[in-house]
Amino acid sequence: MCLGTPLARLDLRLAASSPLSQPPSLLRNSHFTDVVLWLLRQRRRWRVVGESMVPLLQHGVEVLIDPAAYRQCRPQPGDLVVAYHPRQPDLPIVKWVVYVEAEGCFLKGLNESASTDSREYGLVPFTHILGQVVCRFP
């Protein structure tokens, strides 16, 4: 596990015991430190497009991602990530990491009926991961 900033993470025990249509809302709002890191270009601002992460992330919500989060370690189950779609490399997606294997991550949307995810396209290579979602912005 990487050391550093407290990151957005879903509690898999809670997610497994409750329906995915009503996951716990554990993504924090931005703090002063997050804004400073964004101004220093240590965080990237990202707009969520689509309904795949509803109700945790609504269409149009902005989040901050840490593009350096996985430079020295791999994503962990429960992490929220922004990645390139494996079949459409110019299409960024926001998903949560269900599990990690040697070849990549199994990513899934919280809104199963509106999500195209690893259930359809398989594992997402680590090279496709752009960063970890840290918080909502602003």
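Heads up: the sequence shown at position 132 corresponds to 1571 in the working numbering, and the numbers run straight through without jumps. All residues carry an ideal CB built from backbone N, CA and C; glycine is no exception.
Per the Cβ contact rule, the region 1537-1551 is in contact with the region 1514-1527 (3 or more Cβ pairs under 8 Å). A direct Cα-Cα distance of roughly 31 Å separates H1498 from Q1511. Within 10 angstroms of the beta-carbon of D1518 lie 16 or more other beta-carbons, which makes it buried.
A direct Cα-Cα distance of roughly 9 Å separates R1467 from F1576. With respect to the 8 Å criterion, P1514 and V1539 are classified as neighbours on the basis of their beta carbons.
Per DSSP, F1576 is not a residue of any alpha helix (DSSP H); the beta strand (DSSP E) it occupies stretches across 1568-1576. With a beta-carbon spacing of about 6 Å, D1473 and R1482 fall inside the 8 Å limit used to define contacts.
A straight-line Cα-Cα distance of about 32 Å links S1469 and Y1560.
Annotated three-state conformation of E1501 is strand, per DSSP. Taking a 10 Å sphere around the C-beta of Q1571, we find 16 or more other C-beta atoms and assign the residue as buried. One alpha carbon belongs to F1471, the other to R1484, and they sit about 15 Å apart.
Looking at the DSSP output, Y1538 shares a beta bridge with F1545.
In the DSSP assignment, R1484 falls within the unbroken beta strand (DSSP E) covering 1483-1486. Just so you know, the alpha carbons of P1516 and L1495 end up roughly 17 Å apart.
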